[in-house]
Each structure stands twice: as C-alpha cells, then as structure tokens.
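The structure appears below as structure tokens.
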Amino acid sequence: MKQQHIELNLGSTTTTKQTSMLGLYAMNGGEGHLSYAQNSSYQRGVLDVAKPLLEEEIAAKLDHFNPNFRIADFGCSTGHNSFPAIEIITEAIEKKFETLRPEFQVFFNDQVMNDFNTLFHSLPQRKRNLYAAGVAGPFHGRLFPKASLDFAYSSCALNWLSQVPEAVADHTSPAWNKGRVHYTGAKHQVFEAYSNHYANDINSFLQARAEELVTGGLMALLVPADPAPRCSHGSATSFTTPTEIDLLGSCLVDMANKGIVSEERVDSFNFPLYFTIPEELKGIIERNMSFKIERMEIVNNIWGKGRLCSAKARAAYLRAVFEGMLINQFGREVMDQLFDRYTNKLAASPHFLDPHNEKSIIIFLLLKRN
Ligand SMILES: C[S@@+](CC[C@H](N)C(=O)[O-])C[C@H]1O[C@@H](n2cnc3c(N)ncnc32)[C@H](O)[C@@H]1O
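No gaps in the numbering here: position 273 of the sequence shown is 509 in this note's numbering, and each next residue is one more.
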C-alpha cells in the first residue's frame with residue numbers, strides 16, 4: 237500500500253446519545269492475547285466461506301467502472317480480516333476489468349474509539365495501486381459525499397445496533413429488561429424493542445449508503461443472523477450467538493447475586509446487538525427500495541466455528557468483542573472473574589464446544605444501487 241492518511245468524519249446523524257455510546261463499541265485493540273486481532277478467527281471464517289461468492293458476484297454483476305475505484309469497508313475493526321477482504325475485492329475487480337488497470341482508494345470505517353493505530357500499523361505493504369484512508373464515525377449515518385463510492389462492503393458488523401433500545405433500560409417501560417442483558421429468553425416486549433430498533437438502524441444504513449454509492453454501485457454484506465425467530469435453536473443441545481450472550485449474562489446475574497457487581501448495574505446493562513432472520517432482513521431491504529437484491533444466500537461459517545472448539549478460545553472470542561463495553565459498565569477489576577465464570581459454564585455444557593451444535597448463520601447479500 238502506498239499512502240496512508242486519516243480522515244475524521246463523525247457522521248451527519250450522530251446524536252448526543254449515540255455519541256455517549258461510541259466509546260463502548262470498540263473491539264479490544266492492539267495485537268495482544270486478548271485483542272480482537274488475535275481472537276477473530278470466527279469472523280475470518282466468515283470471509284473464507286464468502287470468498288467464492290464475492291468473486292463470482294463481482295465477475296457477474298459489476299458493470300460499473302471507475303479508473304479511481306473507491307471502496308469502503310464499514311466496521312473494519314483493526315483490519316486483520318478487513319485487509320484480506322479488500323484484497324479479494326480488488327483482485328476480483330482487476331480481473332473483471334483486466335486491461336483498464338484501475339487505482340483503488342480504500343476507506344476503512346469504524347467507530348471513533350476503534351484502534352486505527354493498529355489498523356494502519358499492520359497494513360500489508362503491497363505493490364498494487366491502492367491508497368488507504370481511515371474514516372471514523374457511526375455507519376448508521378452519512379460518512380461520505382454523495383455518489384462518491386463505487387463499492388461498499390461490511391462483514392460481521394450489521395448486527396450492532398446504533399444504541400441499546402431506550403425502552404429496555406427504562407424501568408417504567410413494559411419492555412424493561414430486568415435481570416437480563418439481552419433479548420434471549422426475555423419477554424416479548426424486549427424482543428420487539430430490539431427488532432424495531434434494528435429495522436430502523438438498517439434502514440438508516442441503507443439510506444446513507446444509497447446516497448454515498450454511485451448508481452449501479454455494488455454493496456456486499458455479510459450479516460450475522462439467526463436461523464429462526466427469537467433463537468428457537470438455543471435448545472439444550474444447540475446454540476447461537478444470542479444464546480452465548482445469554483450465558484455470559486447469566487454469569488453477570490450470578491455475580492450480582494453474590495454482591496460482586498451491583499444488581500442495578502446488571503439491570504441497566506443490555507448488549508446493543510440484534511441477530512436478524514433472512515426474511516426479516518429481506519423485508520427491510522425491499523421496503524427501503526434503494527437497492528436491488530442481486531443475491532441473497534445463507535452461508536454456514538463452519539470453518540470459523542471449527543477454530544473455536546475449546547472453552548478458553550470461545551470465551552476469548554467474546555471477550556475481545558465485548559470487554560470494552562463491559563469494563564465501562566462493571567469495571568476492569570471484575571473482567572477476569574467474569575470470563576473465568578463464563579469459561580467454566582461453557583466447559584460444563586459440552587454442547588457449546590462442538591462446532592456442529594452452533595446454529596448461527598451468516599447472510600450473504602449482494603445489493604446493487606438502483
Ligand atoms: C465483530 S467486528 C467485525 C470486524 C471486521 N469486519 C471483521 O470481519 O473481522 C464489528 C465491528 O463493527 C464496528 N461497528 C459496530 N457498530 C458500528 C457503527 N455504528 N459504525 C461503525 N462501526 C461499527 C465495531 O466497532 C467493530 O469493529
């Protein structure tokens with residue numbers, strides 16, 4: 237890569253509330269043993285299974301060319317999975333327009349608190365005509381000028397909400413999620429608050445990207461999802477990411493019962509994540525009307541799952557993702573204990589350690605800007 241510069245764009249629709257949440261959203265930075273870089277083989281597995289689909293779709297559906305081809309990755313984290321994705325995309329574009337030799341400008345987007353230093357520090361050195369830039373800010377709002385992007389990409393990021401739905405943390409609301417930290421196993425009002433919030437967030441994401449992408453521009457999305465509504469696969473012998481989050485929540489409840497963390501802190505904490513189902517996501521995209529669905533496919537991330545077959549590895553995978561926001565709510569001093577408890581619970585329920593019991597799915601989407 238030839239040139240690096242950082243642009244700071246906080247997004248046009250950032251609200252005070254969202255801003256106050258930004259610090260909670262970054263993955264563990266750096267390259268240490270608890271970092272996202274060292275504990276994201278599951279997310280890397282998502283890219284591995286999607287690679288042939290990305291290559292096929294770019295070859296078949298990309299009919300827009302720009303000699304200065306601009307690509308953005310929304311929710312890139314520290315880049316270790318983003319760089320290989322960009323490599324797949326740029327190589328497929330070069331193959332498609334063999335004689336035209338485009339130059340690429342690649343924008344790496346993530347929240348302001350993301351560790352962009354590690355991202356730029358670990359950018360691979362390559363000969364290709366590729367220029368990298370960082371764009372910090374929430375992707376639910378506008379981050380780029382009108383019609384300035386040729387290709388958009390996002391992997392394992394659109395399950396993040398812009399914030400926790402207000403009603404689930406409001407003790408006067410029927411959706412107050414007392415004693416739980418997510419919607420799994422919670423009352424239906426909690427689930428509905430999450431699912432409504434998700435629909436609004438995805439709609440905002442699509443609206444922003446529709447303005448930023450050129451007509452005919454493509455957007456490839458890899459969206460973590462559930463195979464059935466309300467995680468009905470979280471049975472005694474199978475599990476999904478939401479049921480893992482629920483198990484982590486049960487450790488917090490245990491710690492509150494023992495007086496290690498305050499009950500009030502557990503009651504006011506909820507994970508800002510939602511795992512859609514394919515029909516729901518399809519409906520949101522169709523109602524938005526800015527994009528044509530060129531391909532929608534369910535991919536099973538068996539490679540990534542296979543890499544997480546010890547309780548320790550599974551716990552480190554969630555810790556790298558959630559530790560920042562958990563420290564913010566409960567303090568750094570209880571993190572080892574929380575994740576030790578979680579590791580022990582995983583180890584005591586061996587079905588969590590067999591990758592075949594994991595029923596989470598990834599939705600591959602190739603959208604074309606109308
Ligand atoms: C699980 S990581 C995925 C990183 C990378 N795409 C991969 O596949 O490994 C999700 C990333 O999305 C980012 N993210 C979540 N919500 C975001 C938002 N509203 N705006 C920008 N980035 C966001 C997080 O900070 C995090 O780095």
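Glycine included, C-beta positions come from ideal geometry on N, C-alpha and C.
Query: Quick check on L366: buried or exposed, where buried means 16 or more other Cβ atoms within 10 Å of its Cβ?; Result: buried
Query: When the Cα of I599 is compared with those of H316, S390 and F507, which residue comes out closest?; Result: S390
Query: Buried or exposed for N353, going by 16 or more other Cβ atoms inside 10 Å?; Result: exposed
Query: Does the beta-carbon of D482, which I'm using as the reference point, lie nearer than 8 Å to any heavy atom of ligand 1?; Result: no
Query: Could I get the ranges of all uninterrupted alpha helix (DSSP H) runs contained in the region 538–589, with 4 residues as the minimum, in chain order?; Result: 538–542, 547–566 and 571–584
Query: Tell me whether R364 counts as near ligand 1, meaning its Cβ is closer than 8 Å to at least one heavy atom of that ligand.; Result: no
Query: Tell me the DSSP secondary structure of T473 in three-state form.; Result: coil
Query: Relative to the C-alpha of K581, which residue among A368, G519 and E480 is closest?; Result: E480
Query: Does the beta-carbon of S358 have 16 or more other beta-carbons within 10 angstroms, so that it is buried, or is it exposed?; Result: exposed
Query: Report, in whole angstroms, the separation of the C-beta atoms of D462 and S596, which I expect to be a contact under 8 Å.; Result: 7 Å
Query: Can you tell me which of the three DSSP states G281 falls into?; Result: helix
Query: Cβ of R280 versus every heavy atom of ligand 1: is any distance shorter than 8 Å?; Result: yes
Query: Go through its chain and collect everything with a Cβ distance to R501's Cβ below 8 Å, but skip five positions before and after it.; Result: A492, Q565 and F566
Query: Between the beta-carbon of M561 and the beta-carbon of F507, is there less than 9 Å?; Result: yes
Query: For R523, count neighbouring C-beta atoms within 10 Å of its own C-beta (all shown protein chains included) and say buried if the count is 16 or more, exposed if not.; Result: exposed
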